[in-house]
Every structure is written in C-alpha cells, then in structure tokens.
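Trainee:
Numbering (the UniProt record's numbering), first residue to last: 1 to 676.
Next up, the structure:
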C-alpha cells in the first residue's frame, strides 16, 4: 500500500496535474476530495468527465465513474459481493477503493486516453430487436455498423502512419522536389509544343501519335495479360505434373502391394495411434497438469526468502534420508519368493521404456519426414519461381542422361569445327597482315610518284571524295526509306481509324438509345428520391422522439437501479447490525456464565471496571506525588547546594595543592643556587 501511494503521489505531482502532494497530505484527504481527485484524473483521460462533483448527486457521480471505468476495462478485485462493496466504496469515497483505481489509471494514462477516444465512436448502441424489424431502422443500423468498421480501418491506418516515422519535413522536401520536376517537365512540354507548331499538319500528327500511344499501351496490357496467363498455365501444368507423379507413385505402391500388406500397415498405424492416444498422451497430459498445478501453487505462494529456502532444503534432506532408510528396510526384508515377480516387473518396465523410446523415435521420425516434405515443397516452389523444373524421376533422369550424351557428342563435333575455324582464322589474319603491309608499301610508292609529278595528295583526295559520295548516297537512301515507312504507317493508321469508326458506329447508335433511357431513369430516380427523403425526414423525427423517450426511461431506470442498490446495501448493513444485536441479546440472556462473558456488554463492562480501577490507582499516585512534591523539591535544593559546596571545596583543594607544588619547586631551586 505504501508503494502504491508513493506511485500515486509521484504521478499527481507531475504534468498535467501539478498537485504538490506528499504522502501525509495525500493520506489526509477527505472522501469528497478523493472523489474530486478521481474525477479530475478521469477528466484528463476523457474531457467530458472534467466536472465538479459538488454540482451533481452522489449517485450520478458514481454512475458516471462506473460507466467510464467499464469502458476503460477496469476490473475490480474480488467476487460479486466485492463488486457491490466496490460500488458502495466509490459512492462513499473509500480510500481502499479509490487508491487502487488511481494507481491503475495513472500508470497507463496515454493508453487509456486512446481507449476513451475510441470508445466515443466504437461503443455500439444496442437497438432492441423489435425496432430492428423496421426496414428503415435496420438500414440505419447497418450503415452505422459500416461506418464504425470504416472508422476502425482509418484509425489503424493512422496509427501505422504514425509508427512508420515519415516526418513532415521529408514530405515537404519530396513535394518541393516533385514541384520542381513538374515545372521542368512543363517547360520541356512548352518547348516541344513550339517546335511541333512549325511542322505542317501537326494537330493530325499529334492525334495519330496519341492513338498510337494508346494502342501501344493496350498492346502492353495485352502482353502483360498474356504473360500472366502463361505463368498461370505453367503453374497449372506443374501442379498437374505433381499430381500425375503422385498418382503414379500411388499406383505403383498399390500395384506392388497386396491386401494383406496394406492391412498389416494399417493395423500397425492403428496400433501406434491407439498407443499414443490411450497411453502416451494421457501420461504426458497428466504430467503437464501436475507441473501446471505445482507452478500455480508456487505462484500463489508469497515470495520465498533465504530462510524459507534453507528450511526447504533441510526438509528435502530429511525426506531423502527417510526414503533411503525405507529402501534399506525393503532390501533387508526382501523375500526370495518375490524374486520371480520382481524379475517379471523389471522386464515389463524395461519393455515399456523401450516401447516409449521407440514411440518417441517414430514420432520424431514422422515429424522430421513432414518437415522434410515441407522443405521439398518450398524448394520446388522456389525452383518454379526461379524458372526451374520439377525433380526428375528415374525414367526422366535416364532420358535426360541419353539427351546429355547426344548433346555431348554434338558438343565435341562443334568444338572440333570451332578449332578448325580458329586455325583458318589465324591463317586469314596473317594473310590480312601481309596484304596490309603490301598496301602500305604501294601507298608509299604512289605518294613518291605523286611528289615527283607535282600532284601530292591526289589519291587521298580522290578516296575522300568517293567515301563522302558513298555516305551521301546511303543517307539519301535511308531518308527515302524513312519517308516511305512514315507514309506507309500513316496509311495504316488511317485505315485502322476508319475500321474502328465503322466498327463503333452501331455501338454509338445503341449508346444514344441507352443515354435516352438513362435520362428517363434518372428523372424517375430523382422523383423517387424526393419521396424517400420526405418519408425519411418523417421517420427521423419519429425516431428522435422515440430516442428521447427511451433515453429518459433509461436514465430513470438507471436512477432507480442505483437507488435500489444503495437501499440494498443499507439493508445488508442493517441486517448485519440486527444480527449482531440478536447475538448480543442471546448471549446476555443466556444462563451460561461462559456465554455471558462473550457478550459485548460484559466485555465493555469489564474493560470499564479495569479502566476505573486504573484511574483510581493513578489518582492515588498523583495525590502522593503532590503531597511529597514540596519536601522533595526542598531536598533536591539541599542536594544541589551540597553539590556546589563540595565543588567549591574541590577547587580550593586543587588550588592549594598547586601552590604547594610551585613553592616546593622554588625552594629546591634556591638550594641549588646556594650549593653553587
């Protein structure tokens, strides 16, 4: 209780309460002040409860606090009778009730604030079943539940966003970067528009380009759908292959096995499972229950000290010694006639232990096999995801080996061809080098001849002119081909557009009829909606009136229930007092003296007599003290004077002794001088 009060005082002295309490001042609070403090703490959790309790009735205060504590999921300790005592203590402001509530609230204030906020929207309004028979009320109730679920989802998303750690500064930086990028893109678009406006028929070409882009996007979506369908088909084929392999294995097992062997396997499995169910698992459950019972018993006991541990260790040693003594007595009183039974018991115990060990090994092997099967399944799924194939069977592996051998033979032949080509490439490379050397020599000779004739650089200029003319002819050919391709593409696009228009013409006609029908239906829907709104308004007014009436009846019922509980509590307390009075009267009237002594009246009479006797003795003692006070004071004064006199004599004696000592020293000094 002291630690609890310490925690409460520390929390109340912090923000946002700032009460500046200490343990003494907090413990000396009156019941009304404690109730006001509890109301303030609840008001911090839920602002609707920040009220002055002097402005409301005690029953209303208790009802309000109990409602909020129920929403916050506070569980009072004890049974149903303790719950009624808890309510009564909350009404009267009992410390034993309010202190635990304050301790529980102040330790988890932030969590309870969130819970109180959510309770405003998530505490479901119970509608009676007879009202739900009305379609309008049922629709409103359904809409109310849907809105509640939507609020739950939004709150979860909000909490996840808060936990994700995205700061507003980072979001602002991202927004500014995106705006800059948007401005740059807008500028680029403006520049491209200006460049395109100079081209003839740019609007038509833009429209054709837009249609081309749409068709490409559609082509990409179709390709993506095709890829998804291919992957689905691949997974379906893989599942089919696995199912076929399992079917083959099952058929192979069924073909190789006989009914007798299958029955034998089934009998073994049934025996094993029955052993697990009837023997092994009940023993394990019994041992677990025993361990849980002892653990619960250990948890229910108070904390053990070192002395308790020492006592337990000594008790264990004593029990162990007693067990050893009993074993020794059993060995001494052992009879040979029981040797056969003991041998059989020993063999049976050994067999049961072996059976348990084998059952555990079999269970472990089954678990290991199931885990390995799961791992194989995971590896197969990973292989499928990476584009791999299934694990091969024996026949498929043989076929794979034969294909691998044929590919190996083909590989060797191709490698020989590559070696021959590499040798021929070396010869051609050497030939090219020789021809290049001859060409360089010829070029040098040609340059020397041109210099002699006075026309140096003629061959180089001729080669450059030929190269430029060849490049020009190639560019002209590419341009012509590009123009042909563009004109052909434009023709194709025009044909496609005409085809799409022709195919969409009946659809457009049908769409016009549908639009007209839609307009008629929209007009009819508006009329029906107006009728519905007027009807809904009338029902809403009726519902609000009924809600007010129900609310008033509920408040009256709650008030009467509170009064009933209060009267019931008072009745119980009066019954207890009446019972005590009856017992007292019975004991007082009883002829048995022992029973009379148990009566409260006799007990209080004895206590009063004892206290009166004690008072008489104390008064006599006080009288003696008063009578002897004067002589005693005189005697004490005489003893004080005597003490002062003796102290004075002692000081005089010490002074006289010191003077004699100095006089003796002076005389001895004078004698020494005379001798000298």
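Think of the CB as a built atom: it goes at the ideal place given N, C-alpha and C, for glycine as much as any other residue.
Hey, out of 48, 656, 55, whose CA is closest to residue 67's CA?
Mentor: If you number the chain shown from 1, residue 67 lands on position 67. Selected option, being the one with the closest Cα: 48.
Trainee: Along the chain, where does the alpha helix (DSSP H) that runs through residue 606 open and close?
Mentor: As a working note, residue 606 is residue 606 in the chain shown. Residues 600-627.
Trainee: If you compare alpha carbons, which of 103, 92, 84 is closest to residue 42?
Mentor: As a first step, residue 42 is located in the chain shown; it is residue number 42 there, counting from the start. Closest option to residue 42, Cα to Cα, is 103.
Trainee: I need the straight-line Cα distance from residue 283 to residue 375, nearest angstrom please.
Mentor: Here residue 283 is taken as the residue at index 283 of the chain shown, counted from 1. Here residue 375 is taken as the residue at index 375 of the chain shown, counted from 1. So the two alpha carbons sit approximately 32 Å from each other.
Trainee: On the criterion of 16 or more Cβ atoms from any shown chain inside 10 Å, does residue 101 qualify as buried, or is it exposed?
Mentor: In the chain shown, the residue the question calls residue 101 occupies position 101. Classification for residue 101: buried.
Trainee: Which of helix, strand or coil does DSSP assign to residue 87?
Mentor: What you label residue 87 is simply residue 87 of the chain shown in a count that begins at 1. Residue 87 falls in the helix class under three-state DSSP.
Trainee: Measure the Cβ-Cβ separation of residue 61 and residue 53 and say whether it is below 8 Å.
Mentor: Position 61 of the chain shown, counted from the first residue, corresponds to residue 61. Position 53 of the chain shown, counted from the first residue, corresponds to residue 53. Yes, the pair counts as a contact, with Cβ atoms nearer than the cut-off.
Trainee: Could you name the residues of the same chain whose beta carbon sits closer than 8 Å to that of residue 122, not counting the 5 residues immediately before and after it, in chain order?
Mentor: Stepping through the chain shown from its first residue, residue 122 is reached at position 122. The residues are 148, 151, 152.
Trainee: Quick check on the burial criterion: 16 or more other C-beta atoms within 10 angstroms. Buried or exposed for residue 193?
Mentor: Counting from 1 along the chain shown, the entry for residue 193 is found at position 193. That one is exposed.
Trainee: Can you look up residue 372 in the DSSP assignment and give me helix, strand or coil?
Mentor: Locating residue 372 in the chain shown gives position 372, counting from the first residue. Residue state, collapsed to three classes: helix.
Trainee: Buried or exposed for residue 80, please, with buried defined as at least 16 other CB atoms from any protein chain shown within 10 angstroms of its CB.
Mentor: On the chain shown, position 80 is the one that residue 80 refers to. Note that residue 80 has pLDDT 44, beneath the 50 cutoff, so the model's placement of it is unreliable and the number below is only indicative. Counting Cβ neighbours within 10 Å, residue 80 comes out exposed, since fewer than 16 surround it.
Trainee: I need the DSSP call for residue 76, collapsed to helix, strand or coil.
Mentor: In the chain shown, the residue the question calls residue 76 occupies position 76. If DSSP states are grouped into helix, strand and coil, residue 76 belongs with coil.
Trainee: Look at residue 588 and residue 606 and say whether their C-beta atoms are less than 8 Å apart.
Mentor: Residue mapping note: residue 588 aligns to position 588 of the chain shown, counting from 1. Residue mapping note: residue 606 aligns to position 606 of the chain shown, counting from 1. No, these two residues do not count as a Cβ contact at 8 Å.
Trainee: Give me the Cα-Cα distance between residue 15 and residue 44, rounded to the nearest whole angstrom.
Mentor: Taking the chain shown and counting its residues from 1, one reaches residue 15 at position 15. Taking the chain shown and counting its residues from 1, one reaches residue 44 at position 44. Those two C-alpha atoms are separated by around 11 Å.
Trainee: Which same chain residues end up closer than 8 Å to residue 59 when comparing Cβ atoms and leaving out the 5 residues on each side of it in sequence?
Mentor: Taking the chain shown and counting its residues from 1, one reaches residue 59 at position 59. Around residue 59: 91, 559, 562, 563, 566.
Trainee: Is residue 509 helix, strand or coil when you go by DSSP?
Mentor: In the chain shown, the residue the question calls residue 509 occupies position 509. Note: residue 509 maps to helix in three-state DSSP.
Trainee: With DSSP collapsed to three states, give me the class of residue 355.
Mentor: As a working note, residue 355 is residue 355 in the chain shown. In the structure shown, residue 355 falls within a helical segment according to DSSP collapsed to helix, strand and coil.
Trainee: Cβ atoms of residue 6 and residue 23: under 8 Å apart, would you say?
Mentor: As a working note, residue 23 is residue 23 in the chain shown. As a working note, residue 6 is residue 6 in the chain shown. In this structure, residue 6 lies closer than 8 Å to residue 23 by Cβ.
Trainee: State the DSSP-derived secondary structure class of residue 198, mapped to helix, strand or coil.
Mentor: Mapped onto the chain shown, residue 198 falls at position 198. Note: residue 198 maps to coil in three-state DSSP.
Trainee: Does any CB atom of chain B fall closer than 8 Å to the CB of residue 612?
Mentor: Going by chain labels, chain B is absent from the structure shown, which holds only one protein chain.
Trainee: Are the Cβ atoms of residue 493 and residue 200 separated by less than 8 Å?
Mentor: On the chain shown, residue 493 is found 493 positions in, with the first residue counted as 1. On the chain shown, residue 200 is found 200 positions in, with the first residue counted as 1. Contact: no.
Trainee: For residue 591, which of helix, strand or coil comes out of DSSP?
Mentor: Start at 1 with the first residue of the chain shown, and residue 591 comes out as number 591. The answer is coil: DSSP assigns residue 591 none of H, G, I, E or B.
Trainee: For residue 545, count neighbouring C-beta atoms within 10 Å of its own C-beta (all shown protein chains included) and say buried if the count is 16 or more, exposed if not.
Mentor: By 1-based counting over the chain shown, the position of residue 545 is 545. Flag for residue 545 reads exposed.
Trainee: Once DSSP output is grouped into helix, strand and coil, what is the label at residue 283?
Mentor: Counting from 1 along the chain shown, the entry for residue 283 is found at position 283. In the structure shown, residue 283 sits in a helix (DSSP, three-state: H, G or I).
Trainee: Excluding sequence positions up to five away, which residues of its chain have a Cβ less than 7 Å from the Cβ of residue 88?
Mentor: Here residue 88 refers to the residue found at position 88 of the chain shown. Result list for residue 88: 569, in chain order.
Trainee: Can you give me the Cβ contacts of residue 276 inside the same chain, cut-off strictly under 8 Å, excluding the 5 residues immediately before and after it?
Mentor: By one-based count along the chain shown, residue 276 stands at place 276. The residues are 359, 363.
Trainee: Quick check: the Cα distance between residue 190 and residue 202, rounded to an integer number of angstroms?
Mentor: To locate residue 190, count along the chain shown from 1; it is residue 190. To locate residue 202, count along the chain shown from 1; it is residue 202. Cα to Cα, the separation comes out at about 15 Å.
Trainee: What is the residue span of the alpha helix (DSSP H) that residue 39 lies within?
Mentor: Here the question's residue 39 lines up with position 39 in the chain shown. Segment 31-45, the alpha helix (DSSP H) holding residue 39.
Trainee: Since residue 106 and residue 8 should fall inside the 8 Å C-beta cutoff, what is the C-beta to C-beta distance between them, to a whole number of angstroms?
Mentor: Your numbering for residue 106 matches position 106 in the chain shown. Your numbering for residue 8 matches position 8 in the chain shown. The Cβ separation is near 6 Å, so the contact holds.
Trainee: Hey, residue 679 and residue 265: beta-carbon distance below 8 Å or not?
Mentor: Since the first residue shown for the chain is 1 and the last is 676, residue 679 is missing from the structure and cannot be characterised.
Trainee: Whose C-alpha, out of 158, 35, 140, 115, is nearest the C-alpha of residue 98?
Mentor: Translated into the one-based positions of the chain shown, residue 98 becomes position 98. Closest by alpha carbon: 35.
Trainee: Considering just the uninterrupted stretch of the alpha helix (DSSP H) at residue 27, what are its terminal residues?
Mentor: Against the chain shown, residue 27 aligns to sequence position 27. 23-27 is the span of the alpha helix (DSSP H), which, as asked, contains residue 27.
Trainee: Taking residue 116 and residue 3 to be in contact with their CB atoms under 8 Å, please state how far apart those CB atoms are, rounded to whole angstroms.
Mentor: Against the chain shown, residue 116 aligns to sequence position 116. Against the chain shown, residue 3 aligns to sequence position 3. Not a contact, Cβ separation roughly 27 Å.
Trainee: Of all the alpha helix (DSSP H) runs that stay within the bounds of the region 87-137, which reach a length of 4 or more residues?
Mentor: Counting whole runs of 4 or more residues, the region 87-137 contains the alpha helix (DSSP H) stretches 95-107, 109-122, 129-132.
Trainee: Given a threshold of 16 other Cβ atoms within 10 Å of its Cβ, counted over all protein chains shown, does residue 63 qualify as buried or as exposed?
Mentor: Residue 63 sits at position 63 when you count from the first residue of the chain shown. The residue in question, residue 63, is buried, as its Cβ has 16 or more Cβ neighbours within 10 Å.
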